[in-house]
Structures are given as C-alpha cells and as structure tokens.
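Just so you know, the protein sequences line up as chains R and D, in that order.
As numbered in this note's numbering, residues 107 to 178 make up the first sequence, in order.
As numbered in this note's numbering, residues 12 to 214 make up the second sequence, in order.
Think of the CB as a built atom: it goes at the ideal place given N, C-alpha and C, for glycine as much as any other residue.
Right, one structure below, let's go through it.
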Amino acid sequence: MASSAAVPFWRAAGMTYITYSNICANLVRKCLKEPFKAESMNREKVHFSLSKWADGKPQKPGFFFFFTLLPV
Amino acid sequence: MLRQASRLISRSATAASSKSVTARAFSTELPSTIDSTFVESWKKVAPNMDPPQTPSSFMKPRPSTASSIPTKLTVNFVLPYASELSGKEVDMVIIPATTGQMGVLPGHVPTIAELKPGIMSVHEGTDIKKYFVSSGFAFLHANSVADIIAVEAVPLENIDASQVQKGLAEFTQKLASASTDLEKAEAQIGVEVHSAMNAALSG
Numbered sequence: 107m108a109s110s111a112a113v114p115f116w117r118a119a120g121m122t123y124i125t126y127s128n129i130c131a132n133l134v135r136k137c138l139k140e141p142f143k144a145e146s147m148n149r150e151k152v153h154f155s156l157s158k159w160a161d162g163k164p165q166k167p168g169f170f171f172f173f174t175l176l177p178v
Numbered sequence: 012m013l014r015q016a017s018r019l020i021s022r023s024a025t026a027a028s029s030k031s032v033t034a035r036a037f038s039t040e041l042p043s044t045i046d047s048t049f050v051e052s053w054k055k056v057a058p059n060m061d062p063p064q065t066p067s068s069f070m071k072p073r074p075s076t077a078s079s080i081p082t083k084l085t086v087n088f089v090l091p092y093a094s095e096l097s098g099k100e101v102d103m104v105i106i107p108a109t110t111g112q113m114g115v116l117p118g119h120v121p122t123i124a125e126l127k128p129g130i131m132s133v134h135e136g137t138d139i140k141k142y143f144v145s146s147g148f149a150f151l152h153a154n155s156v157a158d159i160i161a162v163e164a165v166p167l168e169n170i171d172a173s174q175v176q177k178g179l180a181e182f183t184q185k186l187a188s189a190s191t192d193l194e195k196a197e198a199q200i201g202v203e204v205h206s207a208m209n210a211a212l213s214g
C-alpha cells in the first residue's frame, strides 16, 4: 500500500502525539484565570527523584524534585 | 450522516473479500464463547475444581445497536483527573475534530476522531454548554454512545483573554525566529493553540 495521508507537522519534526498533546494542555493551563490556574498547577505537579548511577551503584541516594510544568 | 453505512460497508466487504483482509466480526457480534467440550473434559480430569474463566467471560456484553435510531445521544466526557459528563443523554454534541467541527447526532456512523484545540459544545434542548478542549479523541459508537476524552478541557469563562494575546504574540515571534525543526514545531503548536483560544473567546 502507498504511504498514508500527510503526516501532521509535529510528527514530521520528530515529536510524538503524547508530547504534542501535553504541550497543548500545558499551554491551555497557562492561560487560565487565577483560581483555576493555581488548582491546575497543583494538580499537575509531578514528584520524582533522580539519581545518577556509576559502577552499578547510585552515586547519591537521589535528589528529590518536583516540576509543575514540563519545559515549554 | 449515512445511516446505511454499516450495511453498505459489510456488503462491499463481502464482495471484495477475495482481495481484502479476512473479515473480522465486530466485538458486539461475537458469540458467547464457552467451549463445552473443554468444560466436559476438565470436569472429567478435575471434578472438584471449577473450570477456569477466560477474559471474555468477565466482559459485559456491549449494549447492542438498536434497530431504530435512538432519540438521544449518550455522552461520556472524561479528563485524566475528572469525569465531566458520565452517561449524560443529550441531543447533539459538536466536537472540534482535526477535519473540522463535527456535529454528532444520535445514530451517527461509528467514528474515531482525533480532536484539535477548539470548542466542544454539548446541546441539550435549548441548553448549550461549551468547553475549550486542548486535544484528545472522540469515539462514536454504533449504539449512539459518544466517548470523548480530552487531556484538558475548560469552560470558556475560565480563560484569561490577555494571557492568550500575550501567548499568541510570543509564539508568533518564536515561530519567526525558530531555527531547528523541533523549535519550529513547538512554536507552531503554540500559535495554533493560542489562535484557537482567541477564536473561541471572540466567536
């Protein structure tokens, strides 16, 4: 079969649908009015801990972050 | 939309079955599969144990397609963090599909539509409720149930117009100065989302 319909511009640039969808959602959230914006930022907070490994062992026990917005 | 579509599709599928993929039954039409020979031989070998269940025995049968078109559309509108509408019976829903604003009435052809940033409106009698949807999908089933899933959907009153203008200006500028493909794509997304919000607020 020939290739399907033209790919969307974000897929042509190497972005996946999930990344696209998350960027759209973040942009919408940034444009909300005040009480709703704070609620959504609170709701979307992600807690994660990051550790670099060397020789099969974590170099630090891990440092704890949280990000309210993915970089965009 | 075409009410005869499913009949026409199955008719053309059987006609073209020689060259197309083997026709698969829709999941609403599968017979209930309890293999009686298996159950009998199980009972012979292990009479005191219940025969094992299969995943299909746990599935509730899908509501069948009514023979006549129902009068109301049942809408399930869900977000990752909340269920906005659950099983609500409405007259019509207009969804912002990538192919344009799509009106969904009861008896709509089964469709899967990808949504673009835009307004979704739910019409119930004279009541119209509008949401700005960031992106998502809409699954329209043969039994007039519409499952709409969105990542973020807000009522229009919650959007701040000044921030939308600021964002639009910022991303238009970023689009002009972008260098790599990825930056261009991100800026383009920003421009699209902000212009959609702008149009939603003013339209």
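Residues of the segment 145 to 161 of chain R whose Cβ lies closer than 9 angstroms to any Cβ of chain D, in chain order: Ser146, Arg149 and Glu150. Listed along chain R, the residues sitting closer than 9 angstroms to phenylalanine 143 of chain D by beta-carbon distance are Val134. Remark: three or more beta-carbon pairs, one from each stretch, lie closer than 8 angstroms, so the segment 113 to 127 of chain D and the segment 139 to 148 of chain D are flagged as touching. Nearest CB-CB separation between alanine 112 of chain R and chain D: not below the 8 angstroms threshold. With respect to the C-alpha of glutamine 176 of chain D, the residue from D/Ala189, D/Val165 and D/Glu203 having the closest C-alpha is D/Glu203. For the pair lysine 151 of chain R and glycine 162 of chain R, the Cα-to-Cα distance works out to about 30 angstroms. Glutamate 125 of chain D carries a strand assignment under DSSP once its states are collapsed to helix, strand and coil. Segment contact: the segment 149 to 156 of chain D against the segment 184 to 194 of chain D, fewer than three CB-CB distances shorter than 8 angstroms; contact not assigned.
The criterion of a C-beta distance shorter than 8 angstroms is satisfied by valine 115 of chain D and isoleucine 106 of chain D.
With respect to chain R, the C-beta atom of isoleucine 80 of chain D has no partner C-beta closer than 8 angstroms.
Taking 8 angstroms as the threshold, the shortest C-beta distance from glycine 129 of chain D to chain R does not fall below it. DSSP, reduced to helix, strand and coil, places tyrosine 92 of chain D outside both helices and strands of the structure shown, so it counts as coil.
Excluding sequence positions up to five before and after alanine 198 of chain D, its CB lies within less than 7 angstroms of the CB of Phe182, Lys185, Leu186 and Ala189, all in the same chain and listed in chain order.
Classified as buried, histidine 205 of chain D has 16 or more neighbouring CB atoms from the shown chains inside 10 Å of its CB. At a C-beta separation below 8 angstroms, asparagine 169 of chain D has these neighbours in chain R: Leu138, Lys139 and Phe142. Against chain R, the CB of methionine 113 of chain D has no partner CB under 8 angstroms away; the residue lies outside that interface. Contact between glutamate 95 of chain D and alanine 164 of chain D holds: CB atoms are separated by about 7 angstroms, below the 8 angstroms threshold. For threonine 85 of chain D, the three-state secondary structure derived from DSSP is strand. Shown here, proline 58 of chain D sits in coil according to DSSP, grouped into three states, outside any helix or strand. Contact note: valine 162 of chain D reaches chain R through Ser127, Asn128, Cys130, Ala131 and Val134, using a C-beta cutoff of 9 angstroms and chain order.
Of the residues assessed, methionine 70 of chain D falls on the exposed side of the cut-off, its CB having fewer than 16 other CB atoms within 10 angstroms.
Sequence-distant Cβ neighbours of arginine 149 of chain R in its own chain, meaning closer than 6 angstroms and more than five residues away, do not exist here. A straight line joining the alpha-carbon of glutamate 135 of chain D with that of threonine 109 of chain D spans about 24 angstroms.
Take lysine 158 of chain R, set aside five residues on each side of it, and the residues of its chain with a beta-carbon closer than 6 angstroms to its own are Gln165, in chain order.
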